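Residue numbers (our numbering): 416 to 597.
One structure is given here, and the rest of the page talks about it.
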């Protein structure tokens, strides 16, 4: 028959009866302590812990909102830089002439230097007028389409806009004189 470790130690004389009982009692206390631990963890968190968690969640939400705003602002700046670069690379030279092309920007009438061939190209939709810094520039229609993808407000006038104003049915029967310039 096999003897327990306690009995073997007692028989060998390495421990006495009192020491064996003390070791057994300590072992029982450790087992009871482990069983109590999960019950303590199940208790409700204190009000201070709840307030701390709530403050952390509010701070995380504020931080996320600020990050979104900064990201949007950076994207907007990047799009404006792309528009600026497109205009600088593809702008057409302004003609040196005394003639101007008048167009509507918002609720104001603006003008840009334009000779007859430029007006014809604008009417055909080959070129467009875009905002650049405090003024306006001529760009090819393909570039205007790329600019419009990035910033809708940057393109002021193109061939499609001038054609839509001519399409008014009430005045379609009346011809426009060739020498009319405004």
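The C-beta atom is built at its ideal place from N, Cα and C for all residues, glycine as well.
None of the values given here were measured: they were computed from a predicted structure.
Hey, how far is the Cα of residue i from the Cα of residue j?
i, j, result
"residue 472", "residue 561", "42 Å"
"residue 479", "residue 491", "18 Å"
"residue 493", "residue 545", "18 Å"
"residue 426", "residue 463", "57 Å"
"residue 520", "residue 499", "19 Å"
"residue 503", "residue 567", "18 Å"
"residue 446", "residue 439", "11 Å"
"residue 483", "residue 469", "21 Å"
"residue 431", "residue 423", "11 Å"
Give me, in chain order, the residues of the same chain whose beta-carbon lies closer than 8 Å to that of residue i; leave out the 5 immediate sequence neighbours on both sides.
i, result
"residue 555", "505, 507, 541, 542, 543"
My assumption, with CB atoms under 8 Å, is that residue i sits in contact with residue j. Please give the rounded CB distance.
i, j, result
"residue 539", "residue 574", "6 Å"
Leaving aside the five residues before and after residue i along the sequence, list all residues of the same chain whose C-beta is less than 6 Å from its C-beta, in chain order.
i, result
"residue 572", "518, 544"
"residue 553", "507, 542"
"residue 610", "Outside the shown range of the chain, which is 416 to 597, sits residue 610, and nothing can be said about it."
Counting along the chain, where does the beta strand (DSSP E) carrying residue i start and finish?
i, result
"residue 555", "550-555"
If you follow the alpha helix (DSSP H) that residue i is part of, which residue opens it and which one closes it?
i, result
"residue 422", "420-427"
By Cβ distance below 7 Å, which residues in the same chain neighbour residue i in space, the five residues on each side in sequence not counted?
i, result
"residue 530", "510, 512, 514"
"residue 527", "515, 516, 544, 551"
Can you give, in chain order, each stretch of the alpha helix (DSSP H) that sits fully within the stretch 495-577 and has at least 4 residues? Runs of the alpha helix (DSSP H) inside the stretch 495-577: 531-539, 556-565.
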